[in-house]
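Structure, as structure tokens:
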Amino acid sequence: AQLEGLGYAVREAASAGEAAELSSGLNGGLDLLVADVVLPDSSGIQLAHSLRESRPDLPVLHLSGYLEEDVIGGMPESGAEFLAKPFTLAAFGERVRSILDRRKRRRVLFVDDDAEVVMFASQVLRDAGFEVLGGGDGNVALSTVQVEPLDLVITDLVMQEREGLETIMRLQKSHPELPVIAISGAFGGHFLKSAAMLGARATLAKPFSGEQLLEAVRTVLGS
Numbered sequence: 001a002q003l004e005g006l007g008y009a010v011r012e013a014a015s016a017g018e019a020a021e022l023s024s025g026l027n028g029g030l031d032l033l034v035a036d037v038v039l040p041d042s043s044g045i046q047l048a049h050s051l052r053e054s055r056p057d058l059p060v061l062h063l064s065g066y067l068e069e070d071v072i073g074g075m076p077e078s079g080a081e082f083l084a085k086p087f088t089l090a091a092f093g094e095r096v097r098s099i100l101d102r103r104k105r106r107r108v109l110f111v112d113d114d115a116e117v118v119m120f121a122s123q124v125l126r127d128a129g130f131e132v133l134g135g136g137d138g139n140v141a142l143s144t145v146q147v148e149p150l151d152l153v154i155t156d157l158v159m160q161e162r163e164g165l166e167t168i169m170r171l172q173k174s175h176p177e178l179p180v181i182a183i184s185g186a187f188g189g190h191f192l193k194s195a196a197m198l199g200a201r202a203t204l205a206k207p208f209s210g211e212q213l214l215e216a217v218r219t220v221l222g223s
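For the sequence shown, position 1 (counting from the first letter as 1) is numbered 1 according to this note's numbering, and the numbering increases by one without interruption.
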């Protein structure tokens with residue numbers, strides 16, 4: 001009722017079972033799950049995990065009077081957000097709006113151990129309307145994809161820690177639907193062909209311009 005007063009179309013359910021049944025009849029038309037952590041027949045966390053089996057990109061906002069670390073830490077549905085009770089209508093509305101606005105923006109993880117390249121590429125992508133997360137090596141990339149919903153990973157191939165080729169192979173196994181763009185300037189771009197063979201949707205030789213970066217991103221994302 002509070003969200004309806006803010007102009008949202010809301011479908012209400014009193015239990016996890018009722019929510020699951022309601023969700024199955026929405027034919028994909030679900031932008032956000034707001035779920036109390038404690039439900040009569042289950043938990044909001046289990047409900048979110050169930051719904052995300054068919055909607056892996058579904059944003060989730062958990063409501064609870066418990067501490068966040070006691071509720072979210074280590075749970076299976078990564079990327080969920082948390083709002084502590086009690087909260088004001090203004091705080092509730094602001095959080096929902098923030099989640100929905102962020103969902104409209106494509107999220108890109110840019111992985112490179114060259115800080116200047118990360119800064120340049122991040123600015124180009126943000127100016128084009130993308131939300132950008134940065135990482136310095138493949139270890140960061142692999143951990144980030146476990147907790148953050150992403151639309152694209154752009155990774156360098158030669159880095160001091162876990163390199164890009166191994167990162168691409170691991171991403172193909174754990175998140176085969178997540179597109180990857182490989183970038184490299186090492187050895188005349190020799191490793192780019194290998195990256196494409198391992199599953200990279202596109203490759204980009206360094207140095208690249210902002211226009212070349214955006215062209216590759218838009219081609220891969222179809223936008």
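All residues carry an ideal CB built from backbone N, CA and C; glycine is no exception.
Using C-beta distances below 7 Å, list every residue in its chain close to residue 23, excluding the 5 sequence neighbours before and after it, in chain order. 30, 51
What does the Cβ neighbour count give for residue 74, buried or exposed, with the cut at 16 atoms within 10 Å? Here residue 74 scores only 45 on pLDDT, less than 50, and its place in the model is too uncertain to base an answer on.
Near residue 132, what residues of its chain come up, given a Cβ to Cβ distance below 7 Å and the 5 sequence neighbours on each side ignored? 108, 110, 122, 125, 126
What residue does the alpha helix (DSSP H) around residue 49 start on, and which one ends it? 44-51
When you compare the CB positions of residue 137 and residue 160, do they come within less than 9 Å of one another, or not? yes
So what's residue 36 in DSSP terms, helix, strand or just coil? strand
The alpha helix (DSSP H) that contains residue 105, what's its start and end? Element bounds for residue 105: n/a, residue is neither H nor E.
Mind pulling the alpha helix (DSSP H) runs of 4 or more residues that sit fully within the region 95-162? 115-127, 138-147
Is it the case that the Cβ atoms of residue 96 and residue 8 are separated by a distance below 9 Å? yes
If I measure Cβ to Cβ from residue 196 and keep anything under 6 Å in the same chain, skipping five residues before and after, which residues do I get? 203
Could you tell me whether the region 38-49 touches the region 87-96, where touching means 3 or more Cβ pairs closer than 8 Å? no
Is it buried or exposed for residue 56, if we count other Cβ within 10 angstroms and need 16 for buried? exposed
Cutting at 7 Å between CB atoms, please list the residues of its own chain near residue 76, excluding the five before and the five after it. Note that residue 76 has pLDDT 45, beneath the 50 cutoff, so the model's placement of it is unreliable and no number is given.
Apart from the five residues on each side of it in sequence, which residues of its chain come closer than 8 Å, Cβ to Cβ, to residue 113? 136, 137, 156, 159, 160, 161
Just to confirm, are residue 142 and residue 170 a CB contact at a threshold of 9 Å? yes
Residue span of the alpha helix (DSSP H) that contains residue 219, given as start and end: 210-221
Once the 5 residues before and after residue 10 are set aside, which same chain residues still bring their CB inside 7 Å of it? 3, 4
How would you call residue 130, buried or exposed, if buried means at least 16 neighbouring beta carbons within 10 angstroms? buried
According to DSSP, which residues form a beta bridge with residue 60? 33
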